[in-house]
Amino acid sequence: MKNIKFLIAGILFGIVLSKAEVISWYRIYEMFKFQSFHMYGIIGSAVVLGIILVYFFKKGYIKTYLGTPISIEPKKKGFARNMFGGIIFGLGWALVGSCPGPMFILLGRGIAAIVVVIIAAIFGAFLYHAMKGKLPH
Amino acid sequence: MDFILQPWPWYVAGPLITFVMFLLFYFGKKFGVSSNLETFCAIGGAGKLVDFFKFDWRKNTWNLMFILGSVIGGFIAYQYLTPDEAVAINQQTIQDLSDIGFQNAGAQYLPDEIFSNDTMFSAKGLLILILGGILVGFGSRYAGGCTSGHAIVGLSNLEIPSLVSVIGFFIGGLLMTWVLIPLIF
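Chains A and B are the protein sequences, given in the same order. The number in the working numbering is simply the position in the first sequence, starting from 1, with 1 added. The number in the working numbering is simply the position in the second sequence, starting from 1, with 927 added.
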């Protein structure tokens, strides 16, 4: 089954974010209170190494397992979409202490309440596409 | 082995997140979790109501496998790798939370004030979970990415839209944490 490698990458992702407490509401609250370096260290070190990794992608030093070049699709431009979307996301992230990845990882801990958050997030994505014609981008 | 059972420090977790990003690109895909929310809409038949969701969701099966894996990873970490559930947050954070009515902050992995079953079945508790979820889902798709797609991949790719989004994440997060949470709880 060719998708098994993605399952394994996901398992690693779930274990790492669990063990580093990135999926704990307390760590997100502490981050936004600027009372710990922990979350900044995680995101910061991931991005610094990510910049080097993307450089290797672009230079062609690292290719996919099939030998094809790796390209990263650019994000959509537009100040309003990125700023307003970002603010709305940030409000939710700080309230329930979980972004889309951690929601699913918390499900693995058997947290019943996170099911409500996941369903609401799916509905939120639906709501955006239902009303995006009326929003500034 | 003891090292694995302890909470992992930032300098272990950060590089491992980049390694996960490497794996997904090496396998010919990308690192972005919030697009799965759209895939679930498409699977649920949202295409009948909104044309955007008329895409063939099967092309995203790999990403559904990734989040299925992350559920399993969460289970493994919880069941086998975390003997002590306490989260060693700053003493000041514990005090600040106590001031707004959060008992024993950090003694468990998650606050009962938001995630316990009793809270979930109260009107206010349920509303908080629904509101938080909608904001995360709506905002991430409006911005075109979440912490993975914008904060990790987008910043690694030195993209201005991602920098704007991450600044937005922080404006929203700071507003919620410093102004709204004390009013809500």
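Idealized CB from N, CA, C, for every residue including glycine.
Unbroken alpha helix (DSSP H) run spanning residue i, endpoints
i         : result
A:Ala121  : 114-132
B:Asp983  : Taken as a continuous stretch (DSSP letters only), B:Asp983 belongs to no alpha helix (DSSP H), as it is neither H nor E.
B:Met1047 : 1044-1047
B:Met1103 : Here B:Met1103 belongs to no alpha helix (DSSP H), and DSSP marks it neither H nor E.
B:Gln1035 : Segment: none, B:Gln1035 is in no alpha helix (DSSP H) and carries neither H nor E.
B:Met928  : Where B:Met928 is concerned, there is no enclosing alpha helix (DSSP H), given that its DSSP letter is neither H nor E.
A:Gly102  : 101-108
B:Val939  : 937-953
B:Gln1022 : 1018-1026
B:Gly1059 : 1050-1070
B:Ala969  : 962-970
A:Gly87   : 80-97
A:Glu31   : 26-33
B:Asn990  : 988-1007
Residue(s) in a DSSP beta bridge with residue i
i       : result
A:Pro70 : A:Lys64
Selected residue, minimal CA-CA separation from residue i, among the options
i         : options                                    : result
B:His1077 : B:Lys981, B:Ser962, B:Asp1011              : B:Ser962
A:Ala113  : B:Leu1056, B:Leu1024, B:Gly1028            : B:Leu1056
A:Leu54   : B:Asp1011, B:Val1091, B:Ser1083, B:Gln1018 : B:Ser1083
A:Arg82   : B:Ala1070, B:Ile1108, B:Val939             : B:Ala1070
B:Lys986  : B:Val1106, B:Lys956, B:Gly974, B:Ala1050   : B:Lys956
B:Leu1037 : B:Leu943, B:Trp935, B:Val1014              : B:Val1014
B:Phe1112 : B:Gly1081, B:Pro1010, B:Phe1029            : B:Phe1029
B:Leu1062 : A:His130, A:Gly91, A:Tyr30                 : A:Gly91
B:Ile994  : B:Ala973, B:Gln1006, B:Gly959              : B:Gly959
A:Tyr129  : B:Ala1032, B:Lys981, B:Ser1067, B:Thr1046  : B:Ser1067
B:Ile1098 : A:Gly87, A:Ile119, A:Cys100, A:Ile120      : A:Gly87
A:Phe14   : B:Ile1003, B:Gly1095, B:Ala1050            : B:Ile1003
A:Pro70   : A:Val116, A:Gly79, A:Lys59                 : A:Lys59
B:Leu951  : A:Ile12, A:Gly98, A:Ile119                 : A:Ile12
A:Ser19   : B:Val939, B:Lys981, B:Gly1052              : B:Val939
A:Ser25   : A:Val117, A:Pro75, A:Arg110                : A:Arg110
B:Gln1035 : B:Met1047, B:Ile1021, B:Phe1048            : B:Ile1021
A:Phe80   : B:Val1106, B:Leu1090, B:Trp1105, B:Met1103 : B:Leu1090
Whole-angstrom C-beta distance between residue j and residue i, which should lie under 8 Å
i         : j         : result
A:Ala1    : B:Cys968  : Because chain A spans 2 through 138 in this model, residue 1 of chain A falls outside it and cannot be assessed.
B:Ile1108 : A:Ser37   : In fact, because the Cβ distance is near 17 Å, the residues do not count as touching under 8 Å.
B:Ser1092 : B:Gly1072 : 7 Å
A:Ser99   : A:Leu108  : Not a contact, Cβ separation roughly 10 Å.
B:Gly971  : A:Val117  : Not confirmed; about 16 Å, so no contact.
B:Gly1100 : A:Phe33   : 5 Å
A:Phe85   : B:Ser997  : Contact flag wrong, Cβ pair sits at about 28 Å.
A:Gly45   : B:Thr945  : No, A:Gly45 and B:Thr945 are not in contact; Cβ-Cβ is about 11 Å, not under 8 Å.
Same chain, Cβ closer than 7 Å to residue i, five either side skipped, listed in chain order
i         : result
B:Phe1065 : none
Nonlocal neighbours in the same chain, by C-beta distance under 6 Å from residue i, ignoring five residues either side
i        : result
A:Ile63  : Phe57
B:Ala973 : Phe980
A:Ile5   : none
8 Å CB neighbourhood of residue i in its chain, flanking five on each side removed
i       : result
A:Ile43 : Ala21, Val23
A:Thr65 : Ile71
A:Tyr27 : Gly98
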